[in-house]
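Colleague:
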Ligand code: AMP
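Residue numbers (the UniProt record's numbering): 1 to 540.
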């Protein structure tokens, strides 16, 4: 028997209509050199209609790709909403990709239009002659006069294109399963791979971002989105904000600790999201320049394991609780969220909050071993995490990658345990695992332990070859400037925190842990530095 329910498609246009009317007084704040500029969601709605008219006039009348090469700002939000709503596909280009990778992804996605922030023109321009499908460049901000575009690429000013266009648009009814937006993975191994999100997947994912046991974005929140709009769709926050009526605070290009602190003081966000390195940087800055940041009732941190020391620092020094979450570009990205079970307190509660968290009902998770046999969820047996669900990808756009999928499940490349009550704890990426004398050593556990030392600003652990044990951990440490702590003291500090056989004997002091295009520790680059003999290693 079929249900009697209406089958109305879930769509971005519905989020746009709802947010710009019901929540028309919420606003998007964009940070600039001279403070904030603001735009209400009602205004954003009108400008989205104007943008859609402008894009139609440029020939976007189907599922052509409209790319963005932008910071987080109001215009990027308009592209997020208008492009999918008109039936086209938004492609958020990662502004920090290597030039070859940028050229590869723009050509692979067949981007027809690129909307670019004026401040990013110098980064994009050298690549333009190699972008074979781009016909239009739409520039936000300043004048377009001095832009030297290749033949066949028309340059437009964003504001001039919108001028005089109607403020309403007849948003077409789209198939909810069609692509709305695409992101490419950050490509630390091989070429970046494209993930195409559907209207339906984005809609359902937005509901999860607003769910009380998930990130719990609520009406009236002021959400500071530091995580770039090109990194896994800013973790879904822009769409969720339009769904629920939360205002958005966009930092544009001002991502360093000092302007972020200034932005927080001026705009008093209640919620924020970014990778751990951003928060670590902000904390070190605030130690020198104390300021109240407790307007944030919670910050969502993920993308890399959050060191427990960072969680405690934020809660105790700044009065800001950290919510730890796990996800991937391939998972929209929200997977698990570390809300402790109801009723837990003290150390027990913290133990749950350190984990990568629990999956919502819509996302199924399992662990498999090297033979693809299922590993029990007993909290100790280790396996590779596989996931599936309505906002988890089942393939990559335009390429075969059978090694990344397994009977409809996504192989995440992450390794860890799951408890009987569903809490995931990750110990490593499969490619980062350290196998010493046949036993696994978790690089994440070692990093968390070292970063617990007050003299340590950052620490990353990789496996290096060892004659006796095959592999042993190497700890690369960035010390705070104001300390004379030695590496031997750090090793001593670890001695009661990790098993004796895991205690690392190889240490190196570095200036900075290399970072990927989305601000995570780049262990591939660290391994290359080791192989090239560029790390000065102390054996203790
Ligand atoms: P990306 O698609 O660039 O966001 O990268 C996804 C990968 O980031 C995952 O497969 C994990 O390896 C890592 N990751 C994301 N969140 C966490 C977390 N909370 N703890 C540990 N690793 C994480």
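Every residue, glycine too, gets a C-beta built ideally from N, C-alpha and C.
1) Check whether the stretch 474 to 486 touches the stretch 447 to 465, counting contact only when three or more Cβ pairs, one atom from each stretch, lie closer than 8 Å.
2) Below 8 Å, is the gap between the Cβ of residue 445 and the nearest heavy atom of ligand 1?
3) Could you check the C-alpha separation between residue 201 and residue 97 for me, to the nearest Å?
4) List the residues that DSSP assigns as beta-bridge partners of residue 409.
5) So what does DSSP say about residue 64, is it helix, strand or coil?
6) With H, G and I counted as helix, E and B as strand and the rest as coil, what does DSSP make of residue 171?
7) Alpha carbon to alpha carbon, what distance is there between residue 468 and residue 485?
8) Is the distance from the Cβ of residue 296 to the Cβ of residue 272 below 9 Å?
9) Between residue 513 and ligand 1, is there a pair consisting of the residue's CB and a ligand heavy atom that are separated by less than 8 Å?
10) Quick check: the stretch 237 to 254 against the stretch 417 to 429, are at least 3 beta-carbon pairs closer than 8 Å?
11) Counting along the chain, where does the alpha helix (DSSP H) carrying residue 451 start and finish?
12) Quick check: the stretch 407 to 418 against the stretch 377 to 394, are there 3 or more CB pairs under 8 Å?
13) Does DSSP put residue 247 in a helix, in a strand, or in coil?
14) Do you know how far the Cα of residue 120 is from the Cα of residue 481?
15) Run through the stretch 193 to 264 for me and flag every whole beta strand (DSSP E) of 3 or more residues, listed as ranges in chain order.
16) Within the UniProt domain "AMP-binding enzyme C-terminal" (446 to 520), note down every full alpha helix (DSSP H) run reaching 4 residues or more, in order along the chain.
17) Could you check whether the Cβ of residue 356 sits closer than 8 Å to any heavy atom belonging to ligand 1?
18) Among residues of its own chain, excluding the 5 on either side of residue 408, which ones have a beta-carbon nearer than 7 Å to its beta-carbon?
19) What does residue 357 pair with, by DSSP beta-bridge criteria?
20) On the DSSP letters alone, give me the boundaries of the beta strand (DSSP E) that residue 309 sits inside.
21) Looking at C-alpha atoms only, which residue of 203, 508 and 518 is the closest neighbour of residue 530?
22) So, at 8 Å on beta carbons, what are the nonlocal neighbours of residue 406 in its own chain, with the 5 sequence-adjacent residues on each side left out?
23) Could you compute how far the alpha carbon of residue 209 sits from the alpha carbon of residue 278?
24) Helix or strand or just coil, what does DSSP make of residue 389?
25) Is the distance from the Cβ of residue 498 to the Cβ of residue 459 below 9 Å?
26) Is it buried or exposed for residue 237, if we count other Cβ within 10 angstroms and need 16 for buried?
27) Over what stretch of residues does the alpha helix (DSSP H) that includes residue 51 continue unbroken?
28) Less than 8 Å between the CB of residue 333 and some heavy atom of ligand 1, yes or no?
29) Out of 140, 354, 334 and 491, state which residue places its alpha-carbon closest to the alpha-carbon of residue 211.
30) By Cβ distance, which residues of its chain are closer than 7 Å to residue 58, with the 5 residues on each side in sequence left out?
31) Give me the DSSP bridge partner(s) of residue 90.
32) Please classify residue 159 as buried or exposed, where buried requires at least 16 other C-beta atoms within 10 Å of its C-beta.
33) On the CB-based measure, 16 or more other CB atoms within 10 Å of its CB, does residue 523 come out buried or exposed?
34) Look up residue 30 in the DSSP assignment and give the residues it is bridged to.
35) Could you tell me the alpha carbon to alpha carbon distance between residue 31 and residue 73, rounded to whole angstroms?
36) Within 8 Å, do at least three Cβ pairs link the stretch 167 to 181 to the stretch 76 to 87?
Modeller: Well, looking at it:
1) yes
2) Against the chain shown, residue 445 aligns to sequence position 445. False, no ligand heavy atom lies under 8 Å from that Cβ.
3) Reading the chain shown from its first residue, position 201 is the one you call residue 201. Reading the chain shown from its first residue, position 97 is the one you call residue 97. Spanning the two alpha carbons is a distance of roughly 26 Å.
4) Numbered from 1 along the chain shown, position 409 holds the residue referred to as residue 409. In DSSP, residue 409 forms a bridge with 406.
5) Here residue 64 refers to the residue found at position 64 when the chain shown is read from its first residue. Reduced to three states, the DSSP call for residue 64 is coil.
6) As a first step, residue 171 is located in the chain shown; it is residue number 171 there, counting from the start. Here residue 171 sits in coil by DSSP.
7) Translated into the one-based positions of the chain shown, residue 485 becomes position 485. Translated into the one-based positions of the chain shown, residue 468 becomes position 468. Going by the C-alpha atoms only, they are around 30 Å apart.
8) Sequence index remark: in the chain shown, residue 296 carries index 296 (1-based). Sequence index remark: in the chain shown, residue 272 carries index 272 (1-based). Yes, these two residues count as a Cβ contact at 9 Å.
9) The residue labelled residue 513 in the question sits at position 513 within the chain shown. Not under cutoff, so the answer is no.
10) no
11) For this step, residue 451 is matched to residue 451 along the chain shown. Unbroken alpha helix (DSSP H) run through residue 451: 443 to 451.
12) yes
13) Residue 247 sits at position 247 when you count from the first residue of the chain shown. Here residue 247 sits in strand by DSSP.
14) The residue you call residue 481 lines up with position 481 of the chain shown. The residue you call residue 120 lines up with position 120 of the chain shown. Their Cα atoms are separated by approximately 32 Å.
15) 194 to 198, 222 to 225 and 247 to 250
16) 487 to 494
17) Translated into the one-based positions of the chain shown, residue 356 becomes position 356. Checking every heavy atom of ligand 1 against the Cβ of residue 356, one is found closer than 8 Å.
18) Start at 1 with the first residue of the chain shown, and residue 408 comes out as number 408. If we look at residue 408 and ignore the five residues flanking it on each side, its Cβ neighbours are 388 and 394.
19) Reading the chain shown from its first residue, position 357 is the one you call residue 357. DSSP, once it has assigned bridges, lists 424 as partnering residue 357.
20) Residue numbering aside, residue 309 sits at position 309 when the chain shown is read from its first letter. Premise fails: residue 309 lies in the alpha helix (DSSP H), 308 to 318, not in any beta strand (DSSP E).
21) Taking the chain shown and counting its residues from 1, the one referred to as residue 530 is at position 530. It is 508 whose Cα lies nearest to the Cα of residue 530.
22) Taking the first residue of the chain shown as 1, we reach residue 406 at position 406. If we look at residue 406 and ignore the five residues flanking it on each side, its Cβ neighbours are 368, 372 and 386.
23) Within the chain shown, the letter at position 209 stands for residue 209. Within the chain shown, the letter at position 278 stands for residue 278. If I take the Cα positions, the gap works out to 21 Å.
24) Position 389 of the chain shown holds residue 389. Of the three classes helix, strand and coil, the one that applies to residue 389 here is coil, per DSSP.
25) Start at 1 with the first residue of the chain shown, and residue 498 comes out as number 498. Start at 1 with the first residue of the chain shown, and residue 459 comes out as number 459. It is not a contact, given that the beta carbons lie outside the stated cut-off.
26) In the chain shown, residue 237 corresponds to position 237, counting from 1. Flag for residue 237 reads buried.
27) Position 51 of the chain shown, counted from the start, is the residue given in the question as residue 51. 41 to 57 is the span of the alpha helix (DSSP H), which, as asked, contains residue 51.
28) Sequence index remark: in the chain shown, residue 333 carries index 333 (1-based). At least one heavy atom of ligand 1 is nearer than 8 Å to the Cβ of residue 333, so yes.
29) For the purposes of this step, residue 211 is taken as residue 211 along the chain shown, with counting starting at 1. Of 140, 354, 334 and 491, the residue nearest in Cα terms is 334.
30) As a first step, residue 58 must be located in the chain shown, where it is residue number 58. Result list for residue 58: 113 and 136, in chain order.
31) Here residue 90 refers to the residue found at position 90 when the chain shown is read from its first residue. 66 and 181.
32) Translated into the one-based positions of the chain shown, residue 159 becomes position 159. Exposed: under 16 other Cβ atoms inside 10 Å.
33) As a position in the chain shown, residue 523 is number 523, starting the count at 1. Under this definition residue 523 is a buried residue.
34) Mapped onto the chain shown, residue 30 falls at position 30. Answer is 37 and 250, bridged to residue 30.
35) Start at 1 with the first residue of the chain shown, and residue 31 comes out as number 31. Start at 1 with the first residue of the chain shown, and residue 73 comes out as number 73. Distance between the alpha carbons of residue 31 and residue 73 is about 8 Å.
36) yes
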